[in-house]
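Numbering (the working numbering), first residue to last: 1 to 300.
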């Protein structure tokens with residue numbers, strides 16, 4: 001299967017994850033939600049690695065490979081997932097998902113500088129279309145107090161969008177380390193497992209340090225169920241994304257992953273309720289642009 005198809009499969013899984021995760025984080029502390037997400041993903045990927053991978057390369061790989069995969073994990077999982085969960089809790093999945101669509105811009109710049117990997121003109125056009133769509137969606141006011149979907153000022157957009165934009169930025173950094181790690185340990189599954197496991201262990205320490213903010217706060221069974229399912233989905237989707245990164249340019253993989261945005265628009269209102277995740281004309285137009293840009297990249 002080509003890198004583009006792996007990226008599309010990862011994007012679809014990530015879209016469903018975001019829709020379920022939105023409902024989970026409503027009833028959980030952000031730090032607890034992120035740790036559960038990491039722990040479940042580490043367990044799932046660890047089992048798959050043991051069952052399907054040759055583990056001997058782990059004993060012969062240089063320390064530099066471990067460093068690169070752990071660094072990629074910290075940027076993507078420990079930091080990026082924290083910002084993702086915080087953004088979904090604050091503004092919802094439908095508005096967080098388009099913000100993540102800005103990461104091809106960060107990725108293209110970083111890949112050109114560090115990997116000498118320059119997107120073609122058509123790829124740049126696809127990335128540009130995605131970014132325009134993401135801006136349209138994020139500039140619309142979907143707060144419950146504003147039923148008319150009026151636009152907000154740029155300052156207000158930044159105040160409500162910085163969490164999602166931060167997730168996009170750190171996700172754009174991680175592929176650089178992934179590529180470097182794959183040179184000495186050419187197994188995407190082992191690489192993603194190392195990254196998410198190290199992040200889960202580190203996050204456990206963070207959670208203990210910050211126990212004052214979550215200890216004693218009840219979590220419903222519904223939130224636990226949604227979070228566990230979401231953890232499985234995001235673990236598998238992340239592995240598919242790392243496979244894609246080994247087969248296709250970084251900017252293309254990240255752009256194609258934006259197929260998750262229209263899926264979030266479909267599933268999130270069904271799961272969390274239309275009163276929390278409203279679908280408006282601007283939202284549909286922006287999401288359509290994101291999908292159009294992704295499809296353009298498929299056929300480049």
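We treat Cβ as the ideally placed atom computed from N, Cα and C, and that holds for glycine.
From a predicted model like this one, the values you see are computed outputs, not experimental measurements.
Next item on the list: Over the uninterrupted alpha helix (DSSP H) stretch that includes residue 97, give me the two end residues.
Entry: Along the chain shown, one-based indexing puts residue 97 at 97. Taken as a continuous stretch (DSSP letters only), the alpha helix (DSSP H) holding residue 97 covers 93-100.
Next item on the list: Could you tell me how far apart the beta carbons of residue 192 and residue 238 are, in whole angstroms, since I believe they sit closer than 8 Å?
Entry: Here residue 192 is taken as the residue at index 192 of the chain shown, counted from 1. Here residue 238 is taken as the residue at index 238 of the chain shown, counted from 1. With 8 Å as the limit, residue 192 and residue 238 qualify as a contact, their Cβ atoms being about 6 Å apart.
Notebook entry, point to check: Cβ-heavy atom distance between residue 229 and the ligand MG below 8 Å?
Noted result: For the structure depicted, the ligand MG is absent and the ligand set is empty, with no information on it obtainable.
Check: Where do the ends of the alpha helix (DSSP H) carrying residue 16 lie?
Finding: Here the question's residue 16 lines up with position 16 in the chain shown. 3-25 is the extent of the alpha helix (DSSP H) around residue 16.
Item checked: Span separating the alpha-carbon of residue 118 from that of residue 136 -> Here residue 118 corresponds to residue number 118 of the chain shown, with the count starting at 1. Here residue 136 corresponds to residue number 136 of the chain shown, with the count starting at 1. If I take the Cα positions, the gap works out to 26 Å.
Note to self: With three or more beta-carbon pairs closer than 8 Å as the criterion, would you say the region 64-73 touches the region 193-209?
What the structure shows: yes
Check: With a cut-off of 8 Å, do at least 3 Cβ pairs link the region 13-26 to the region 80-92?
Finding: yes
Notebook entry, point to check: Of all the options 156, 255 and 133, which has the alpha carbon lying nearest to the alpha carbon of residue 281?
Noted result: Numbered from its first residue, the chain shown carries residue 281 at position 281. The shortest C-alpha separation from residue 281 is found at 133.
Notebook entry, point to check: Under three-state DSSP, which class holds residue 112?
Noted result: The residue you call residue 112 lines up with position 112 of the chain shown. Note: residue 112 maps to helix in three-state DSSP.
Notebook entry, point to check: Buried or exposed: where does residue 183 fall if 16 or more other Cβ atoms within 10 Å of its Cβ makes it buried?
Noted result: Mapped onto the chain shown, residue 183 falls at position 183. Residue 183 is exposed by the Cβ-count criterion.
Notebook entry, point to check: So, helix, strand or coil for residue 123, using DSSP?
Noted result: Translated into positions along the chain shown, residue 123 becomes position 123. In this structure, residue 123 counts as helix in the three-state DSSP scheme.
Margin query: Could you check whether residue 249 and residue 111 sit closer than 9 Å to each other, using their CB atoms as the reference points?
Written below: Your numbering for residue 111 matches position 111 in the chain shown. Your numbering for residue 249 matches position 249 in the chain shown. Yes, the Cβ-Cβ distance between residue 111 and residue 249 is below 9 Å.
Next item on the list: For the region 173-211, list the alpha helix (DSSP H) runs that are entirely contained and at least 4 residues long, ordered along the chain.
Entry: 188-209
Margin query: With three or more C-beta pairs closer than 8 Å as the rule, is the region 222-236 touching the region 25-43?
Written below: yes
Item checked: Pairwise C-alpha distance: residue 105 and residue 154 -> Against the chain shown, residue 154 aligns to sequence position 154. Against the chain shown, residue 105 aligns to sequence position 105. If I take the Cα positions, the gap works out to 19 Å.
Check: Where does residue 274 land, buried or exposed, given buried means 16+ other C-beta within 10 angstroms?
Finding: Counted from its first residue, the chain shown places residue 274 at position 274. With fewer than 16 Cβ atoms within 10 Å of its Cβ, residue 274 is classed as exposed.
Margin query: Looking at residue 100: is its Cβ nearer than 9 Å to the Cβ of residue 258?
Written below: For the purposes of this step, residue 100 is taken as residue 100 along the chain shown, with counting starting at 1. For the purposes of this step, residue 258 is taken as residue 258 along the chain shown, with counting starting at 1. Yes, Cβ-Cβ distance for residue 100 and residue 258 is below 9 Å.
Check: In three-state terms, what does DSSP make of residue 287?
Finding: Mapped onto the chain shown, residue 287 falls at position 287. Looking at residue 287 - three-state DSSP - the assignment turns out to be helix.
Check: Are the region 7-17 and the region 220-228 in contact at 8 Å, needing three or more beta carbon pairs?
Finding: no
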